[in-house]
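Visitor:
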Amino acid sequence: MSNEAVLQAESVLATHHDAHGEHHDHHHQETFISKYVFSMDHKMIAKQFLITGMVWAVIGGLMSVLFRLQLGYPDTSFPWLEDLLGKFWVEKGHITAQGYYALVTTHGTVLVFFVLTAGLSGTFANFLIPLQVGARDMASPFMNMLSYWFFFAASVVMVSSIFVETGPFSGGWTAYPPLSALGDASPGSKTGMDLWLVAMALFVVSSLLGGLNYIATVLNMRTKGMSMTRLPLTIWALFFTAVLGVLSFPVLLSGFILLIFDRNFGTSFYLSDIFLTTTNTALPNEGGSAILFQHLFWFLGHPEVYIILLPAMGMVSEILSVNSRKPIFGYMAMIGSLFAIAILAFLVWAHHMFVTGLNPFLGSIFVLLTLLIAVPSAIKVFNWLTTLWRGNIRFTPAMMFAIGFVSLFISGGLTGIWLGNSALDIHLHDTYFVIAHFHIVMGVASMFGMFAGVYHWYPKMYGRYLNTSLGYIHFWISIVGAYLIFWPMHYEGLAGMPRRYYDYSIWESFKNFGELNRFISTVAMIVFAAQLLFIANFFYSIWKGRKVTTLNPYGSNTLEWTTPINPGHGNWVGEIPEVHRWPYDYGKDGKEYTSQTTPVGADESHH
Amino acid sequence: MTTFLIIAVIVLFFVVIFQIAKVSEYVSVIKGEENARKQNNKINAFLMLAFMILGLIGVWYCNELLFKKTLLAYPAASNHGEKVDEMLWLTIWVTGSVFVATQILLFWFSFKYQESDKRKVFFFPHSNKLEALWTVVPAIVLAVLVIIGLKNWFSFTGEAPDNALQVEVVGKQFGWVFRYEGADKKFGKKYYKLINDVDNPLGLIWNDNAELNLKADDKSHDDVVLTQTMYIVKDRPVKLIIGSRDVIHDVGLTHFRMKMDAVPGIPTTMWFTPKYTTAEMKKITNNPNFAYEISCDQMCGNGHYSMKGNIEVVTQAEFDKWMASKTPAYVSAYPEKFQKADTTKPANTALSTAVKSVVKN
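So the sequences go chain by chain: A and B.
According to our numbering, the stretch in the first sequence is residues 1 to 607, in order.
According to our numbering, the stretch in the second sequence is residues 1001 to 1361, in order.
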């Protein structure tokens, strides 16, 4: 008997439900195209977002490995890289300055928008909202499909920008004009920037189509008995995420449109008093304000970090509670703090602009509002800690990534208190301290939230488990690696080392970190390799993973675990279940868990 | 060849890990999944604890290795910088203690409350008292930090003292241009369309220009325009008037703990009082090559990393001597106008006399 047979064995129960699922599918008469390509099933769209996000994560991650190669090994020559990438990127075995800045910029854009926005909330909002609120699909499955395909189009344009002659945009992911407005100021601001703007505009459309759908679904499509205060925290978080996106992405788009006008139609929204050395000419534009763009950009840009972070927070809350076998501590406080964060997210954008010459009084208001965010963040952290306290913790890979998320959120969140205080920001702004801060709190932490979500809901997505041993290896390399990479960067920042420098050798003040940079780069490569292990695990397990044999493998209360193991389009066979309670009755009255669909008993205790 | 070998080894390593993980899954199926899961749970709970302990040791070790390379290892070079460092230390202590406490709780709870058949979980959905506690305490602590921060912020961004030395700093791709007021203690007007890199890098309005409808500003005739190195005076406040010729740059003065963007079309300002001359700082840092460097801290194009300027902090006497050796940009641009000056006198004196006469006219 082969081991495969052992792994593939199915229980009678599962077969029974599968049969139902198939029976249901027959009504649709799905073709390959309608099922896998232009699918309107929210679960398939979620998988499309996830896999596209993963492709982007590999591209973006690989870019970081390449520019870390330059930072860590500035004196080593890599002739094979030149053969591989060509002269634009690598010359004489060294990454070129323009290549370096193109890599840095694309890495940032891709990771922030394509991976941690589309890949994260695109995946889990699509997958979890209908399943957890008890809906057959999104409010508008067609719009949902469009949302993915706009994202796909954005991806195609963004990829194509990498191959144009003058290179992709290379002025940093924040794309501040005049640098981003003037092709003569930087080669990357020529065709590459036009493509960047088109890709981002398509992305905004995708994001709005998705967001409106998520909001409509959460508000209108909840099953009977599913009041707003019975929603799992994942849904609350995804709901606030969608609201943030819908209210702030249009502002970003407006900023981009003005930029497109300045670039192509001779307007002066952002341009004034410019003399270009490269062409030795003074431009005719007068009266514009370069700072206006920054206001428009950060009005999205700051909510954006919460668009990235909130879904991770929601999933982590759910996963911590399920695997501690204990209710989330302070459910209402968790919603309240999400709400507070969502509101404050709109009122703090100018803390990215303390050193732009902002009016000091205005700056002081932004200091106050920024540091206020630490209060709801502290509530969340302490509530998570209390959720663990006196639980009965099962270390599934998802749970470990959730714990890792809390650890990283603490580490990165605390340095936000430094940077939010404008007097300190003057010193630390645009140094490696900032890099360390936002990579830990937004980048790696949200990645951890995403991994937690993938490990946790993979059985629901594919009816199979990911390999847990690989999951553990993945977790330990990632968390140790993340701290080894980003913790020492705080020290580089405290030495004043500026970010976005291609080479530090001419700087007396910053050149003594060569050894540390080499160390960081080496660890970054190892951590990147570990992520490939995860990807191998992901695709291998889709077809070969251990099969799920029970409906509710984690003993979880939420509705997605009441669907068949491989739910068809429409999710539930027959009636959608009715909900009678909140989702966190774990360990109540001596019962390990009580599904939301269980009616409240007469003798049940109140909480 | 070695590259291929390395790649081969890495690929092999991957395959091995993957196979081991697969095998461990089969083994767990044969041994009984529940047992295997429980064993894994114990191992990971222990690793959580180990990670915490090793991690905290790592934090300490990292500090041992790197602290001396940070700016906190020696005193800040400006009055504002001293305040920044004070604030930094307070913030480090506050956030540092929260960091240690919460990380210990997180990983200790993970270890302590690992799954056990004996444990009955504590159904604890909320507690108003606890939640109020961790709303109010952080709010109070943050209020203190905000108050200290804003006090400093307003003093840093407030008006410079009257005796401040004024210097204009202008960024361009990829370098810095400095302007001093000259004998009249006033900056002359400039207009960006007059810029030329041969003799007028800031576009000072020296002459009437009918085409651009500009009137000459005499105050610009004695302005001294320099590149590379800016001189400022120890213990004398300096006010920088910051601008840019093309894209956004940033005047980063890490030793003075100051930073301000250079924005085309919108002048910004920054002031501080240097505490140590460059020579003194060389002794303090024990580095004979020490230099106050101006780093561009805002992405400004492919040469961003090389956009460096220098500051020499000197005593007032040294400064006066240095200043006297400088020729106004106008004078350098039109040397023929000043030919009639007495050639027996040292050149710079002749020129400054010439300038005075120009200014009077």
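All C-beta atoms, glycine included, are put in the ideal place defined by N, C-alpha and C.
Using a Cβ cut-off of 9 Å, which residues of the segment 572 to 589 of chain A contact any Cβ in chain B, in chain order?
Guide: Those residues of the segment 572 to 589 of chain A that come within reach of chain B (Cβ to Cβ, closer than 9 Å) are 582, 584, 585, 586, 587, 588, 589.
Visitor: Going along the chain, which unbroken runs of the alpha helix (DSSP H) with 4 or more residues stay wholly within the segment 308 to 387 of chain A?
Guide: If we require 4 residues or more, the alpha helix (DSSP H) runs fully inside the segment 308 to 387 of chain A come out as 331 to 345, 360 to 372.
Visitor: Checking contacts by CB at 8 Å: is residue 1098 (chain B) closer than that to chain A?
Guide: Yes, because at least one Cβ of chain A sits closer than 8 Å to the Cβ of residue 1098 (chain B).
Visitor: What does a CB cutoff of less than 8 Å around residue 1004 (chain B) pick up in its chain, not counting 5 residues either side in sequence?
Guide: Hits under 8 Å: none found.
Visitor: So, for residue 1230 (chain B): in the same chain, excluding its five sequence neighbours on each side, which residues have a beta-carbon less than 8 Å away from its beta-carbon?
Guide: The residues are 1167, 1169, 1176, 1178, 1294, 1309, 1310, 1311, 1312.
Visitor: Evaluate residue 1330 (chain B) with the Cβ neighbour count: other Cβ atoms within 10 Å of its Cβ, from every protein chain shown; 16 or more gives buried, anything less gives exposed.
Guide: Flag for residue 1330 (chain B) reads buried.
Visitor: What residues in its chain sit with their C-beta under 8 Å from that of residue 21 (chain A), if we drop five residues either side in the sequence?
Guide: Any reading at residue 21 (chain A) must be qualified, since the residue scores a pLDDT of 43, below 50, and its modelled position is unreliable; the value itself is stated next. Cβ neighbours of residue 21 (chain A) beyond the five flanking positions: 564, 565, 566, 567, 568, 573.
Visitor: When the distance is taken between beta carbons, is residue 262 (chain A) closer than 8 Å to residue 168 (chain A)?
Guide: No, they are not a contact pair.
Visitor: How many angstroms separate the CA atom of residue 1050 (chain B) from the CA atom of residue 115 (chain A)?
Guide: Going from the Cα of residue 1050 (chain B) to the Cα of residue 115 (chain A) covers about 32 Å.
Visitor: Less than 8 Å between the C-beta atoms of residue 379 (chain A) and residue 1135 (chain B), yes or no?
Guide: It is a contact, given that the beta carbons lie within the stated cut-off.
Visitor: Can you pull the chain B residues whose beta carbon is under 8 Å from the beta carbon of residue 367 (chain A), in chain order?
Guide: Those within 8 Å of residue 367 (chain A) in chain B are 1146, 1149, 1150, 1153.
Visitor: Distance, Cα to Cα, residue 1269 (chain B) vs residue 339 (chain A)?
Guide: So the alpha carbons of these two residues sit roughly 38 Å apart.
Visitor: Taking 8 Å as the CB-CB limit, is residue 485 (chain A) close to chain B?
Guide: Not one chain B Cβ lies under 8 Å of residue 485 (chain A).
Visitor: Kindly indicate if chain A contains any beta-carbon less than 8 Å away from that of residue 1138 (chain B).
Guide: Yes, because at least one Cβ of chain A sits closer than 8 Å to the Cβ of residue 1138 (chain B).
Visitor: With 8 Å as the C-beta to C-beta threshold (strictly closer), list the residues of the segment 1301 to 1327 of chain B near chain A in chain order.
Guide: If the cut-off is 8 Å between Cβ atoms, the segment 1301 to 1327 of chain B has 1301, 1302, 1303, 1304, 1305, 1306, 1308 near chain A.
Visitor: Does DSSP put residue 287 (chain A) in a helix, a strand or coil?
Guide: Three-state DSSP puts residue 287 (chain A) in coil, outside helix and strand.
Visitor: At a CB distance below 7 Å, what residues from the segment 1257 to 1272 of chain B approach chain A? Give them in sequence order.
Guide: Listed by position along the chain: 1257, 1258, 1259, 1260, 1261, 1263, 1264, 1265, 1266, 1268.
Visitor: Hey, does residue 232 (chain A) have any beta-carbon neighbour from chain B nearer than 8 Å?
Guide: No - not a single Cβ of chain B is within 8 Å of the one on residue 232 (chain A).
Visitor: If contacts are defined as beta-carbon pairs under 8 Å, then residue 416 (chain A) and residue 374 (chain A) qualify, I think. What distance do you get, rounded to the angstrom?
Guide: So it is a contact: roughly 7 Å between Cβ atoms.
Visitor: Determine the closest residue to residue 123 (chain A) out of A:158, A:206, A:97, with distance taken between C-alpha atoms.
Guide: With distances taken between Cα atoms, residue 123 (chain A) lies closest to A:206.
Visitor: Please list the partners that residue 1197 (chain B) has in chain A, where partner means a Cβ-to-Cβ separation under 8 Å.
Guide: Ordered by position in chain A, the residues that pass the 8 Å Cβ test against residue 1197 (chain B) are 277, 280.
Visitor: Does the CB of residue 1089 (chain B) have a neighbour CB from chain A at under 8 Å?
Guide: Chain A contact via Cβ: absent.
Visitor: Nearest to residue 160 (chain A) by alpha carbon, out of A:195, A:444, A:134, A:120?
Guide: Closest option to residue 160 (chain A), Cα to Cα, is A:195.
Visitor: Let's see if you can read the secondary structure: which residues bound the beta strand (DSSP E) around residue 1155 (chain B)?
Guide: Residue 1155 (chain B) -> not in any beta strand (DSSP E); alpha helix (DSSP H) instead, spanning 1128 to 1157.
Visitor: Quick check on DSSP: helix, strand or coil for residue 1261 (chain B)?
Guide: Three-state DSSP puts residue 1261 (chain B) in a strand.
Visitor: Assuming residue 1188 (chain B) contacts residue 1219 (chain B) under a Cβ cut-off of 8 Å, what Cβ separation, rounded to an integer in Å, is found between them?
Guide: Going by Cβ atoms, the distance from residue 1188 (chain B) to residue 1219 (chain B) rounds to 4 Å, so yes, they are a contact pair.
Visitor: Residues of chain B with CB closer than 8 Å to the CB of residue 171 (chain A), please, in chain order.
Guide: Simply 1299, 1301.
Visitor: Hey, how far is the Cα of residue 257 (chain A) from the Cα of residue 522 (chain A)?
Guide: Each residue's alpha carbon lies about 41 Å from the other.
Visitor: Would you identify the three-state DSSP class for residue 530 (chain A), choosing helix, strand or coil?
Guide: Of the three classes helix, strand and coil, the one that applies to residue 530 (chain A) here is helix, per DSSP.
Visitor: Assuming contact is defined by CB atoms lying nearer than 8 Å, are residue 581 (chain A) and residue 562 (chain A) in contact in what I supplied?
Guide: For residue 581 (chain A) and residue 562 (chain A), no; Cβs fall outside 8 Å.
Visitor: Quick one: any contact between the segment 139 to 147 of chain A and the segment 207 to 221 of chain A, if contact means 3 or more CB pairs under 8 Å?
Guide: Judged by Cβ distances under 8 Å, the segment 139 to 147 of chain A makes contact with the segment 207 to 221 of chain A, as three or more pairs qualify.
Visitor: What span of residues does the beta strand (DSSP E) with residue 1296 (chain B) cover, start to end?
Guide: Here the beta strand (DSSP E) through residue 1296 (chain B) covers 1292 to 1296.
Visitor: Based on Cα-Cα distance, which residue from B:1108, B:1222, B:1042 lies nearest to residue 1185 (chain B)?
Guide: Among B:1108, B:1222, B:1042, the Cα nearest to that of residue 1185 (chain B) is on B:1222.
Visitor: Verify the CB distance criterion: does residue 392 (chain A) have a CB-CB separation below 8 Å to chain B?
Guide: Yes, residue 392 (chain A) counts as interfacial toward chain B.
Visitor: Nearest chain B C-beta to residue 107 (chain A) closer than 8 Å, yes or no?
Guide: No, residue 107 (chain A) does not count as interfacial toward chain B.
Visitor: Measure the C-alpha to C-alpha separation of residue 1007 (chain B) and residue 93 (chain A) and round it to an integer number of angstroms.
Guide: If I take the Cα positions, the gap works out to 18 Å.
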